[in-house]
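**Q** My structure is below; once you've seen it, I'll send some questions.
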Amino acid sequence: MTYYQGPVTDHFDGTRFFDPDGAPPKSFLDVLRWRFSHKPAQWPDWAPSPFADTPPPRVDGASARLAYIGHASWLLQTGGLNILIDPVWSERVSPVSFAGPKRHNDPGIAFEKLPKIDVVLVSHGHYDHLDLATLSRLAAAHAPRVITPLGNDLTMTAHDGAIRPEAYDWSDRVELNDRVAVTLVPTRHWTARGLFDRNRTLWASFVIETPAGRIYVVCDSGYGDGRHFRRVRDAHAPLKLAILPIGAYEPRWFMQDQHMNPADAVKALADCGAERALANHHGTFQLTDEAIDAPEQALYAALDAGGVPRERFPALKPGQVFEL
Numbered sequence: 001m002t003y004y005q006g007p008v009t010d011h012f013d014g015t016r017f018f019d020p021d022g023a024p025p026k027s028f029l030d031v032l033r034w035r036f037s038h039k040p041a042q043w044p045d046w047a048p049s050p051f052a053d054t055p056p057p058r059v060d061g062a063s064a065r066l067a068y069i070g071h072a073s074w075l076l077q078t079g080g081l082n083i084l085i086d087p088v089w090s091e092r093v094s095p096v097s098f099a100g101p102k103r104h105n106d107p108g109i110a111f112e113k114l115p116k117i118d119v120v121l122v123s124h125g126h127y128d129h130l131d132l133a134t135l136s137r138l139a140a141a142h143a144p145r146v147i148t149p150l151g152n153d154l155t156m157t158a159h160d161g162a163i164r165p166e167a168y169d170w171s172d173r174v175e176l177n178d179r180v181a182v183t184l185v186p187t188r189h190w191t192a193r194g195l196f197d198r199n200r201t202l203w204a205s206f207v208i209e210t211p212a213g214r215i216y217v218v219c220d221s222g223y224g225d226g227r228h229f230r231r232v233r234d235a236h237a238p239l240k241l242a243i244l245p246i247g248a249y250e251p252r253w254f255m256q257d258q259h260m261n262p263a264d265a266v267k268a269l270a271d272c273g274a275e276r277a278l279a280n281h282h283g284t285f286q287l288t289d290e291a292i293d294a295p296e297q298a299l300y301a302a303l304d305a306g307g308v309p310r311e312r313f314p315a316l317k318p319g320q321v322f323e324l
């Protein structure tokens with residue numbers, strides 16, 4: 001595998017990326033400790049959503065339409081563009097097809113019912129976000145631009161030369177058309193696809209400028225002290241909507257540096273100052289120890305405890321739609 005090469009920066013040491021305000025990933029010994037000591041909740045073999053979306057060909061005017069596909073995957077339709085975020089249609093999020101976390105419900109949009117896809121945003125290289133099989137299907141069917149942080153483009157093109165990635169650094173702003181743009185922003189996370197490539201590629205969240213307002217998309221993040229969210233507020237306010245992760249958080253000793261729990265997500269909403277939020281990163285793939293419905297229950301408990309109306313931060317099911 002060929003890895004990213006570039007100048008040393010405040011978040012790249014010449015070999016690996018890092019978050020100067022974050023925390024390094026857990027050691028391999030910590031991974032083994034978790035794997036051999038954890039007692040994950042039992043998820044149902046299949047937990048179907050009662051919803052399924054058939055999106056329109058386009059959305060124009062001053063609106064935006066978001067369809068939840070599941071986990072961290074979304075279809076955003078706005079400004080005449082169809083944008084997929086961290087698309088995963090595979091049965092497993094794993095380096096192999098016969099093992100690893102398996103899907104517990106169908107994607108909220110059948111692949112064959114997708115409209116013409118113009119742009120794909122891929123936040124980082126973990127298998128539940130960068131799904132090469134899905135990217136190849138999209139390249140063959142739609143040939144979209146793929147916007148991703150530095151180094152992930154090499155992962156994609158090594159797999160399939162038909163994928164059209166464009167790699168960018170934190171703070172880079174990319175115009176998608178004359179009405180829509182995306183800026184890559186720092187997030188508290190890390191990445192790897194194997195045992196020896198930790199942080200050889202960059203990770204990011206996205207601020208998407210749309211005719212309906214700015215949408216802050218966080219596909220995967222820890223909370224820390226909240227400074228990443230406050231910096232996005234300071235640089236990009238006003239935010240119309242934030243998409244925030246609420247799942248894959250137990251046990252806390254292992255996950256808290258890299259994955260928010262629902263209470264953290266409620267704090268992140270306050271920090272970033274968005275008018276509303278949608279939850280993601282839950283309910284489709286069992287990555288950690290909590291029960292399938294625990295994130296949603298804990299989210300509403302945290303909202304109630306903070307005096308935040310539940311309708312300000314709902315957890316959609318795959319196939320549900322939210323419009324701005």
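The numbering of the sequence shown is UniProt numbering, which starts it at 1 and goes up by one. Heads up, the beta-carbon is just placed ideally off N, CA and C, and yes, glycines get one too.
(1) Determine the direct distance from the alpha carbon of I85 to that of I147, and round the result to whole angstroms.
(2) On a Cα-Cα basis, can you pick out the residue from A204, G273, T134, P55 that is closest to S221?
(3) If I follow the unbroken alpha helix (DSSP H) through F206, where does it start and stop?
(4) Restricting to runs no shorter than 3 residues, where is the beta strand (DSSP E) found entirely within the segment 252 to 294?
(5) Would you list the residues sitting across from V213 in a DSSP beta bridge?
(6) Taking 8 Å as the cut-off, is the beta-carbon of W74 closer than that to any non-hydrogen atom of the ligand MN?
(7) What number of angstroms, rounded off, separates the C-alpha of P107 from the C-alpha of V120?
(8) Any chance the segment 281 to 292 sits against the segment 239 to 256, with 3 or more Cβ pairs inside 8 Å?
(9) Under 9 Å between the Cβ atoms of Y68 and F322?
(10) Can you give the Cα-Cα distance for H71 and K113, rounded to whole angstroms?
(11) Let me know the secondary structure DSSP gives W190 once reduced to three states.
(12) On the premise that F229 lies in contact with W34, defined as a C-beta separation below 8 Å, what is that separation, rounded to the nearest angstrom?
(13) Is it right to say W46 is buried, meaning 16 or more other beta carbons lie within 10 angstroms of its own, or is it exposed?
(14) By Cβ distance below 6 Å, which residues in the same chain neighbour I83 in space, the five residues on each side in sequence not counted?
(15) If I measure Cβ to Cβ from E175 and keep anything under 7 Å in the same chain, skipping five residues before and after, which residues do I get?
(16) Taking the alpha-carbon of S171 as reference, which of H236, L244, P57, Q297 has the nearest alpha-carbon?
(17) Just to confirm my understanding: we take T54, look at its own chain, exclude 5 residues before and 5 after, and list those with CB closer than 6 Å. What are they?
(18) Quick check: what's the CA-CA separation for T183 versus I208?
(19) Is it buried or exposed, L195, if we count other Cβ atoms within 10 angstroms and call 16 or more buried?
(20) Under 9 Å, do A139 and R164 count as touching if we go by C-beta distance?
(21) Only counting the same chain, and skipping five residues up and downstream in sequence, which positions put a Cβ closer than 6 Å to that of P295?
(22) Q5 by DSSP, collapsed to three states: which one?
(23) Secondary structure at K113, three-state DSSP: helix, strand or coil?
(24) Determine the contact status of H11 and L202, defining contact as a CB-CB distance below 9 Å.
(25) Return the CA-CA distance between Q5 and Q297, expressed in angstroms with no decimal places.
(26) What does the alpha-carbon distance come out to for the pair W43 and A274?
(27) Buried or exposed for L29, please, with buried defined as at least 16 other CB atoms from any protein chain shown within 10 angstroms of its CB.
(28) Measuring alpha carbon to alpha carbon, tell me which of E166, H124, D169 ends up nearest T191.
(29) Does the distance from the CB of R227 to the CB of D21 come in under 9 Å?
(30) Does the beta-carbon distance from G224 to D178 come in below 9 Å?
**A** Straight from the coordinates:
(1) Cα atoms of I147 and I85: separation of roughly 10 Å, rounded to the nearest angstrom.
(2) Nearest C-alpha to S221: A204.
(3) F206: not part of any alpha helix (DSSP H); member of the beta strand (DSSP E) spanning 205 to 210, first to last residue.
(4) Counting whole runs of 3 or more residues, the segment 252 to 294 contains the beta strand (DSSP E) stretches 276 to 280.
(5) Reading off the sequence, residue 213 comes out as Gly, not Val. T210, per the DSSP bridge assignment.
(6) With respect to the ligand MN, the structure offers nothing, as it holds no ligand at all.
(7) In this model, P107 and V120 are separated by some 16 Å (Cα to Cα).
(8) Verdict: yes, contact present.
(9) Taking 9 Å as the Cβ cut-off, Y68 and F322 qualify as a contacting pair.
(10) Spanning the two alpha carbons is a distance of roughly 19 Å.
(11) Of the three classes helix, strand and coil, the one that applies to W190 here is coil, per DSSP.
(12) Wrong, their Cβ atoms sit about 26 Å apart, outside the cutoff.
(13) Exposed, since its Cβ has fewer than 16 Cβ neighbours within 10 Å.
(14) L76, V119.
(15) Correct list, in chain order: A181.
(16) It is H236 whose Cα lies nearest to the Cα of S171.
(17) If we look at T54 and ignore the five residues flanking it on each side, its Cβ neighbours are K113.
(18) For T183 and I208, the distance between alpha carbons rounds to 7 Å.
(19) With fewer than 16 Cβ atoms within 10 Å of its Cβ, L195 is classed as exposed.
(20) With contacts defined by Cβ atoms closer than 9 Å, A139 and R164 form a contacting pair.
(21) The beta carbon of P295 sits closer than 6 Å to the beta carbons of I246, G247, P262, H282 from its chain, once the five residues preceding and following it are set aside; these are given in chain order.
(22) Q5 falls in the coil class under three-state DSSP.
(23) In the structure shown, K113 sits in a helix (DSSP, three-state: H, G or I).
(24) Contact flag set, yes.
(25) Going by the C-alpha atoms only, they are around 44 Å apart.
(26) Near 32 Å, if we compare the C-alpha coordinates of A274 and W43.
(27) L29 counts as exposed, since fewer than 16 other C-beta atoms from the protein chains shown sit within 10 angstroms of its C-beta.
(28) Closest option to T191, Cα to Cα, is H124.
(29) Yes, these two residues count as a Cβ contact at 9 Å.
(30) At a Cβ-Cβ threshold of 9 Å, G224 and D178 do not count as neighbours.
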